[in-house]
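Quick note on the working numbering: the first sequence kicks off at 537 and runs consecutively. No residue lacks a Cβ here, since even glycine has one placed at the ideal position from N, Cα and C. Inspection log for the structure reproduced underneath, given as structure tokens.
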Amino acid sequence: MTAFAEIRVYNTLSKSLEKFVPLHGKRVFMFVCGPTVYDYSHLGHARTYVFYDTLARFLRKMDYSLFYLQNITDVDDKIVNRARDEGRHPLELAREFERYYHEDMAALNVTSVNLYARASDYLPEIFEQIKVLLEKGHAYLTGTGVYFDITTFPDYGKLSGQRPEELRVHRIEPDPTKRNPGDFALWRNRPREEFGWESPWGYGRPGWHIEDTAISIKHFGRQYDIHGGAIELAFPHHEAEIAQAESYTGVKPFVKYWIHTGLLTVEGEKMSKSLGNFVTIREALKEYDPNVLRIFLLSRHYRSPIDFRWELLDQAKSSYERILNGYGNLMDMDIVEEAGEREAIFLEEVGRIRRRFFEAMMDDLNTAEALAQLFELVRAVNSYYEEGGQITAVGRTEVISAFTDMFDVLGLRMGRGYDESMLRNLVSILIDVRAVLRRRKEYDLADEIRARLREIGIELQDTPEGTKWRIKKS
RNA sequence: GCCGGGUUGGCCGAGCGGUUCAGGCAGCGGGCUGCAGACCCGUGGACGGGGGUUCGAAUCCCCCACCCGGCUCCA
């Protein structure tokens, strides 16, 4: 796209819309908090990862060279606990759910991540950061682990607006060995029978926050452009990351743009495993096309909450069918040699719509407005189709390119509105129709169906048990 | 308690000082149609409540109500 275009994004750090200017020209480094792999991913995860996938697709479409890094939390109490309950090794359990996560993401066409980094592969970096934080006096050792002293980092709270002294309500009793209730763990000592590692400070496991800075600093260095995640992670997780990283490197700001997505709720409450109100991605995909899910998730601005109801997926499905129809109508138009005046007007409108689509995306990733422009494009195509629908090959290519630009950015996988099961059903319908013809002794038509299917590589065989079919290898 | 965010027509949602109040779903009327579907045209006096600022507010300010998230499990 155009080089002069200006993207604006909402930065949680400044609580305002900012012009997007990467640290290194067209190079962009983005880190997004990945899942803790102890169970299937649900629609809340889908919401977040579909959004960052869309952001990544958009930035690349705008000619940014993006490196998108995501961590996989494979070391965590929940994993350890579930593994213990099931008598398995924690890492083996984690690998299984990591595999499911990748399957779900692939199904949702989330393909933009360059590197998935497992926390368990970064113990050396974690040790190094803790060591330096101890040396610099930002961390201290107690009998239960190593903690970050938030009083050594005056900026603590700058992302979330929280003031440590105001945090009086604690859902979990603070460890009494800590200097301040708000100090967070860098390393937690654990009993030797539990899964863990030998560290310079005892046997145990790393704290939750340190894995992300270990991974991101290892790959991106002391500063990078975008850090993403859901809003629930802003405090304390992202706040802790800032404290660790800026204390460790001495460079501010650690991250230039902090971007957070709103939560997906169910009847007003957060969808979560602990509340038991979750719908897994694979459950939803059993009923709905991935494109329908993406349209549903992208139909609301990324920072607003989305309240999930199955009925809304039905609505999204109807919307999606409208897009498919419009795109189909375009493909159905008669090709002519000479462009008429109406075609010129039509193409002009298509260009205008495409431009508005990108303007919407540039305006803090307004995917709802971008989708509206996609529907405008559909409307324009349908109208033109209805009134004659003749177009030159060049003209149609231009319209197709407008569609594919939008599909690419929104991550809609088009061009195959069917799947294997639809092919099987289609063939069986033909076989049924043919059976009726044969009963009526209309063999000419029956034979023609068989012959024409063979032409496209589908072979029918009439047997005493009925008609069978197979795909002939060509 | 403190810190974030939300409340727009039957449903979902953009808009965030001034074009006819985007767009989608559902509905209604018409066109097209063997039937159905798709498609096209037309159709909807919404902005949680109360004040205020303004020539003009869904949009800015103040107060209130309700809902959600965070306050060391959570995308």
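Other residues of its chain near residue i: CB distance less than 7 Å, five sequence neighbours each side excluded
i, result
"L948", "N827 and R830"
"R583", "T797, L800, L833 and I842"
"M641", "Y585"
"E879", "I927, T928 and G931"
"Q909", "I889, R892, F893 and A896"
"K614", "T572 and Y574"
"G953", "Summary for G953: the model assigns pLDDT 48, below 50, so the residue's position carries little reliability; its value from the coordinates is reported in the next sentence. These residues qualify, in order along the chain: L860."
"Y824", "L849 and K853"
Residue environment, residue i, which counts as buried when at least 16 other CB atoms sit within 10 Å
i, result
"V557", "exposed"
"L811", "exposed"
"G1002", "exposed"
"S840", "exposed"
"W794", "buried"
"K1008", "exposed"
"E978", "exposed"
"Q665", "buried"
"K562", "exposed"
"H578", "buried"
"W846", "exposed"
"S752", "buried"
"S854", "exposed"
"V646", "buried"
"G740", "buried"
"I746", "buried"
"H560", "exposed"
"N725", "buried"
"E734", "exposed"
"P742", "buried"
"G765", "buried"
"P727", "exposed"
"G673", "exposed"
"N1076", "With the chain represented from 537 up to 1010, any question about residue 1076 goes unanswered, as that position is not in the structure."
"G697", "exposed"
"V787", "exposed"
"D589", "buried"
"A655", "buried"
"G535", "Residue 535 cannot be examined here, being either before or after the span of the chain that is shown, 537 to 1010."
Expected contact under 8 Å - CB spacing of residue i and residue j to nearest Å
i, j, result
"T680", "D719", "Actually they do not touch by this definition, with Cβ atoms about 11 Å apart."
"P1041", "F663", "The question about residue 1041 has no answer here: the residues shown for the chain are numbered 537 through 1010."
"R602", "L595", "What sits at residue 602 in the sequence shown is Leu, not Arg. Sure, about 5 Å apart at Cβ, within 8 Å."
"E634", "D610", "7 Å"
"D748", "C569", "7 Å"
"Y576", "T816", "4 Å"
"L883", "E934", "6 Å"
"Y658", "A750", "4 Å"
"L644", "Y683", "The pair is not a contact, with the Cβ atoms about 38 Å apart (cut-off 8 Å)."
Contacts around residue i, its chain only, beta-carbon distance under 6 Å, and the 5 residues preceding and following it disregarded
i, result
"F689", "A779 and S783"
"F1041", "Here the chain covers residues 537 to 1010 and nothing more, so residue 1041 does not appear."
"V649", "Y604 and Q606"
"R631", "none"
"I871", "A929"
"A776", "F720 and H745"
"L549", "L695 and W794"
Same chain, Cβ closer than 8 Å to residue i, neighbours up to 5 away in sequence not counted
i, result
"H625", "A619 and F731"
"R544", "L553, E554, K555, F556, M898, D899 and D900"
"Y921", "N865, L866, D868 and M869"
"N902", "H837 and A896"
*Specify whether the segment 852 to 869 and the segment 911 to 929 touch according to this definition: at least 3 beta carbon pairs, one from each stretch, less than 8 Å apart.*
Short answer: they touch.
*Three CB pairs or more closer than 8 Å across the segment 575 to 592 and the segment 753 to 761*: Result no; under three Cβ-Cβ pairs closer than 8 Å.
*Continuous alpha helix (DSSP H) assignments of at least 4 residues falling wholly in the segment 829 to 908*: With a minimum length of 4 residues, the continuous alpha helix (DSSP H) runs that stay inside the segment 829 to 908 are 846 to 868 and 877 to 898.
*Can you list the alpha helix (DSSP H) stretches of 4 or more residues lying completely in the segment 704 to 775, in chain order?*
Taking only runs of at least 4 residues, the alpha helix (DSSP H) segments lying wholly in the segment 704 to 775 are 744 to 756.
*Does the segment 961 to 972 come close enough to the segment 988 to 1004 to have 3 or more Cβ pairs within less than 8 Å?*
Using a C-beta cut-off of 8 Å, the segment 961 to 972 makes contact with the segment 988 to 1004, since at least three inter-stretch Cβ pairs fall below that distance.
*If you scan the segment 909 to 948 from start to end, which runs of the alpha helix (DSSP H) of 4 or more residues do you find wholly inside it?*
Counting only runs of 4 or more, we get 929 to 946.
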